[in-house]
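Under our numbering, the first residue of the sequence shown carries the number 6, and numbering increases by one thereafter.
Report on one structure; see the data block that follows.
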Amino acid sequence: MNKKRRVALVVPYFPYPPVHGGIVRIYNLLKFMGHMHDIYLITFIQRQEQLLHIPGLKKYCRKVFPVSFSKTPLDDSYPYAVREFYCMGMAHTIRRVIKQEKIDLLHIEYAIIAGYVNFSCGIKTILTQHDTSDLFFDRSIHNRELSDKNRYTEWKKLVRYETNICGKFNKIITVTQKDKNELQAVLPSADIEVVPTGVDTKFFSRAKTGGRATSGSNPAYGCAAGRDSAGGRTFFPADGFNLTYVGHYHHYPNEDAMVYFCKKILPLITGKLPNVKLYIVGSGPTEKILKLQEDRHVRVTGGVPDVRPYLKNSDVFVAPSRVGGGIKGKILEAMSMGVPVVTNKLGSYGIEARHGKEIIITDTPGEFAAETVKLLKNARRRKGIAVNARGLVERKYDWRAIAKRLAEIYRNM
Numbered sequence: 006m007n008k009k010r011r012v013a014l015v016v017p018y019f020p021y022p023p024v025h026g027g028i029v030r031i032y033n034l035l036k037f038m039g040h041m042h043d044i045y046l047i048t049f050i051q052r053q054e055q056l057l058h059i060p061g062l063k064k065y066c067r068k069v070f071p072v073s074f075s076k077t078p079l080d081d082s083y084p085y086a087v088r089e090f091y092c093m094g095m096a097h098t099i100r101r102v103i104k105q106e107k108i109d110l111l112h113i114e115y116a117i118i119a120g121y122v123n124f125s126c127g128i129k130t131i132l133t134q135h136d137t138s139d140l141f142f143d144r145s146i147h148n149r150e151l152s153d154k155n156r157y158t159e160w161k162k163l164v165r166y167e168t169n170i171c172g173k174f175n176k177i178i179t180v181t182q183k184d185k186n187e188l189q190a191v192l193p194s195a196d197i198e199v200v201p202t203g204v205d206t207k208f209f210s211r212a213k214t215g216g217r218a219t220s221g222s223n224p225a226y227g228c229a230a231g232r233d234s235a236g237g238r239t240f241f242p243a244d245g246f247n248l249t250y251v252g253h254y255h256h257y258p259n260e261d262a263m264v265y266f267c268k269k270i271l272p273l274i275t276g277k278l279p280n281v282k283l284y285i286v287g288s289g290p291t292e293k294i295l296k297l298q299e300d301r302h303v304r305v306t307g308g309v310p311d312v313r314p315y316l317k318n319s320d321v322f323v324a325p326s327r328v329g330g331g332i333k334g335k336i337l338e339a340m341s342m343g344v345p346v347v348t349n350k351l352g353s354y355g356i357e358a359r360h361g362k363e364i365i366i367t368d369t370p371g372e373f374a375a376e377t378v379k380l381l382k383n384a385r386r387r388k389g390i391a392v393n394a395r396g397l398v399e400r401k402y403d404w405r406a407i408a409k410r411l412a413e414i415y416r417n418m
């Protein structure tokens, strides 16, 4: 069956530029699946300049419906994150588009806006649950110092809300098999399928990457073409060994990962190898992130027009995740670029990579530092892991194959 479906895709974040993992996923699925079905994108806009990117999105969508964000109050029995994204303007737009465009399917991205399923007008519905860690206190609140009474109370609200609202969807999509298993235990009758996060293996390829960032070559990581956010210069690694991390730092898990790494792990590495430099790449560096540059081994780039030169010139990609779940797209990008990755169990969550073969997985700060030092001292081992990692993402995580899987789900509903 090759029937095109008319799909209303509802997203809480404007999907361009793709500056963090969830938006990168949405943007790439639009890009590689838009020709397979008629997609009607309904998205919040937070800034007027985002409207300038609508013509670009229309290459992949039948129509784009921007909704100016104006929060409608909800009582505090709802979780904070849900209250922050509730807007009657969005609800009215969803209902209007479904009727006006004769929509077949309503697909909502993120559980925080899942409540808009109540405006589905009786058509089939899909929810992408990007991160089930919200449902599990030990992963959503990773550190004991964060586990205060207010956070626990808020978490209980979120669990109540999500388990109730998820049950209203005809199908739920998770990004990992483990997420599916955990969610199925909470919602045994739910129809759940896995559509993993991926990577554009043609774009993130050493063979396609020059030694300098090219103007406008990559829309991600939040910078105008040809300039970075730290004064107009493009930084390039100096002599010695180069470690890299990529992220959007207004997203707390990324900020936490780098603060933790610089305090607990980097000193153990530089104590063994003083000629190591850490490049913290990406948009929205917070005050805490900028302060890390007080260490002479740390450089914060801010937003860059293209992350690939930083990855290409990196000896090791570090990903010390402590908060959240789901597949880390940044790790897949590094693997696709042929950069060996050192991470921990949470960072490798959902990626079918084997320790010592395609990735290095550690548990403690001491192990993380020791494994990184061992890799830096052994170019042959770095090369072997990098080659294996590239092969893995080509086989299992290319966006083109993943987009076909989602298109098939649409056709079968």
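Just so you know, even glycine gets a beta-carbon here, dropped at the ideal spot from N, CA and C.
Every value quoted in this text rests on a predicted model; they were computed, and no experiment measured them.
At the level of alpha carbons, what is the spacing between L278 and P290? On the sequence shown, position 273 is the one that residue 278 refers to. On the sequence shown, position 285 is the one that residue 290 refers to. In a straight line, the C-alpha of L278 is about 26 Å away from that of P290.
Kindly identify the DSSP beta-bridge partner or partners of I103. The sequence position of residue 103 within the sequence shown is 98, counting from 1. DSSP, once it has assigned bridges, lists no residue as partnering I103.
Can you tell me whether T130 is buried or exposed, with buried defined as 16 or more other CB within 10 angstroms of its CB? Taking the first residue of the sequence shown as 1, we reach residue 130 at position 125. Buried is the call here.
Among I336, Y85 and A394, which residue has its Cα nearest to the Cα of G361? In the sequence shown, counting from the first residue as 1, residue 361 sits at position 356. It is A394.
With 16 other Cβ atoms within 10 Å as the buried cut-off, status of P314: Mapped onto the sequence shown, residue 314 falls at position 309. Under this definition P314 is a buried residue.
Short Cβ contact (8 Å threshold) for V69 with L62: Sequence index remark: in the sequence shown, residue 69 carries index 64 (1-based). Sequence index remark: in the sequence shown, residue 62 carries index 57 (1-based). Cβ distance < 8 Å, so V69 and L62 count as in contact.
Measuring straight from C-alpha to C-alpha, what distance separates I118 and K185? Counting from one through the sequence shown, the residue named residue 118 turns up at place 113. Counting from one through the sequence shown, the residue named residue 185 turns up at place 180. Rounded to whole angstroms, I118 to K185 spans 19 Å at the Cα level.
Kindly provide the ranges of any beta strand (DSSP E) runs that are 3 or more residues long and lie completely inside the stretch 10-54, ordered along the chain. 11-16 and 43-50
From K176, G329 and R100, residue whose alpha carbon lies closest to that of Y45: As a first step, residue 45 must be located in the sequence shown, where it is residue number 40. When only C-alpha atoms are compared, the closest one is R100.
Confirm, please, whether the CB-CB distance from V191 to G2 is below 8 Å. With the chain running from 6 to 418 in the structure shown, residue 2 is simply not present.
Just how far apart, CA to CA, sit A235 and G287? In the sequence shown, counting from the first residue as 1, residue 235 sits at position 230. In the sequence shown, counting from the first residue as 1, residue 287 sits at position 282. Its pLDDT being 44, under 50, A235 is placed unreliably in this model, and the coordinates cannot settle the point.
Could you spell out the range, first to last residue, of the alpha helix (DSSP H) harbouring I365? Start at 1 with the first residue of the sequence shown, and residue 365 comes out as number 360. Where I365 is concerned, there is no enclosing alpha helix (DSSP H), although the beta strand (DSSP E) it sits in stretches over I365 to T367.
Assumed close pair A13, L111 - CB separation to whole angstroms, cut-off 8 Å: Position 8 of the sequence shown, counted from the first residue, corresponds to residue 13. Position 106 of the sequence shown, counted from the first residue, corresponds to residue 111. With a Cβ gap of about 5 Å, A13 and L111 count as contacting.
As a quick exercise: from M38, R400 and P20, pick the residue whose alpha carbon is nearest that of A412. Residue mapping note: residue 412 aligns to position 407 of the sequence shown, counting from 1. Among M38, R400 and P20, the Cα nearest to that of A412 is on M38.
Exposed or buried, M93, counting other C-beta atoms within 10 Å across all chains shown (16 or more means buried)? Here residue 93 is taken as the residue at index 88 of the sequence shown, counted from 1. It is exposed - the Cβ of M93 has fewer than 16 other Cβ atoms within 10 Å.
Which same chain residues, not among the five before or five after M41, have their C-beta less than 6 Å away from its C-beta? Residue mapping note: residue 41 aligns to position 36 of the sequence shown, counting from 1. Excluding residues up to 5 positions away in sequence, A412 lie with their Cβ nearer than 6 Å to the Cβ of M41 in the same chain.
Given a cut-off of 8 Å on the beta-carbon distance, is the pair P345 and L316 in contact? In the sequence shown, counting from the first residue as 1, residue 345 sits at position 340. In the sequence shown, counting from the first residue as 1, residue 316 sits at position 311. Cβ atoms of P345 and L316: not closer than 8 Å.
In or out: L248 buried (at least 16 other Cβ within 10 Å) or exposed? Locating residue 248 in the sequence shown gives position 243, counting from the first residue. Buried, since its Cβ has 16 or more Cβ neighbours within 10 Å.
Near I336, what residues of its chain come up, given a Cβ to Cβ distance below 6 Å and the 5 sequence neighbours on each side ignored? As a working mapping, residue 336 is identified with position 331 in the sequence shown. Excluding residues within five positions, the ones whose Cβ falls inside 6 Å are A324 and V346.
What's the C-alpha gap between M418 and V378? Along the sequence shown, read from residue 1 onward, the residue named residue 418 stands at position 413. Along the sequence shown, read from residue 1 onward, the residue named residue 378 stands at position 373. Cα-Cα distance, rounded: 50 Å.
I'd like the span of the alpha helix (DSSP H) that includes Y250, first residue to last. Counted from its first residue, the sequence shown places residue 250 at position 245. No alpha helix (DSSP H) holds Y250; the beta strand (DSSP E) holding it covers F246 to V251.
DSSP beta-bridge partners for A324? Numbered from 1 along the sequence shown, position 319 holds the residue referred to as residue 324. BP columns for A324 point to T348.
CB K162 to CB Y250, shorter than 8 Å? In the sequence shown, residue 162 corresponds to position 157, counting from 1. In the sequence shown, residue 250 corresponds to position 245, counting from 1. No. Outside cutoff.
Roughly how many angstroms lie between the CA atoms of I113 and H253, to the nearest whole one? Here residue 113 refers to the residue found at position 108 when the sequence shown is read from its first residue. Here residue 253 refers to the residue found at position 248 when the sequence shown is read from its first residue. I113 and H253: Cα-Cα distance of roughly 23 Å.
Could you please give me the residues that DSSP links to I197 through a beta bridge? For the purposes of this step, residue 197 is taken as the residue at position 192 of the sequence shown. For I197, which the question treats as bridged, DSSP gives the partners I177.
In this structure, what does DSSP give as the bridge partners for F70? Here the question's residue 70 lines up with position 65 in the sequence shown. In DSSP, F70 forms a bridge with I47.
How should Y65 be labelled, buried or exposed, when 16 other C-beta atoms within 10 angstroms of its C-beta is the threshold for buried? Locating residue 65 in the sequence shown gives position 60, counting from the first residue. Burial check for Y65: the Cβ neighbour count within 10 Å reaches 16 or more, so the residue is buried.
Using the DSSP secondary-structure output, state which residues sit across from I113 in a beta bridge. For the purposes of this step, residue 113 is taken as the residue at position 108 of the sequence shown. Paired residues: V15 and L132.
Relative to the C-alpha of G343, which residue among S73, N123, G389 and H255 is closest? The sequence position of residue 343 within the sequence shown is 338, counting from 1. Closest by alpha carbon: G389.
Please determine, among K173, E159 and Y166, the residue with the shortest C-alpha to C-alpha distance to F124. Taking the sequence shown and counting its residues from 1, one reaches residue 124 at position 119. Per the Cα distances, K173.
Going by DSSP, name the residue or residues bridged to R304. Along the sequence shown, read from residue 1 onward, the residue named residue 304 stands at position 299. Note: R304 sits in a beta bridge opposite Y284.
Suppose you measure from the CA of E54 to the CA of I31; what does that come to, to the nearest Å? Against the sequence shown, residue 54 aligns to sequence position 49. Against the sequence shown, residue 31 aligns to sequence position 26. Approximately 20 Å, taken between the alpha carbons.
Tell me the DSSP secondary structure of A311 in three-state form. Position 306 of the sequence shown, counted from the start, is the residue given in the question as residue 311. Reading the sequence as shown, one finds Asp at residue 311 and not Ala. Correct three-state label for D311: coil.
Taking the DSSP output, what are the residues bridged to D403? As a first step, residue 403 is located in the sequence shown; it is residue number 398 there, counting from the start. Paired residues: V204.
Under the rule that 16 or more other beta-carbon atoms within 10 Å means buried, what is R217, buried or exposed? Taking the first residue of the sequence shown as 1, we reach residue 217 at position 212. Its pLDDT being 38, under 50, R217 is placed unreliably by the model, and the measurement read from it follows with that caveat. Exposed: under 16 other Cβ atoms inside 10 Å.
Around the Cβ of H97, are there at least 16 other Cβ atoms within 10 angstroms (buried) or fewer (exposed)? Here residue 97 corresponds to residue number 92 of the sequence shown, with the count starting at 1. The residue in question, H97, is exposed, as its Cβ has fewer than 16 Cβ neighbours within 10 Å.
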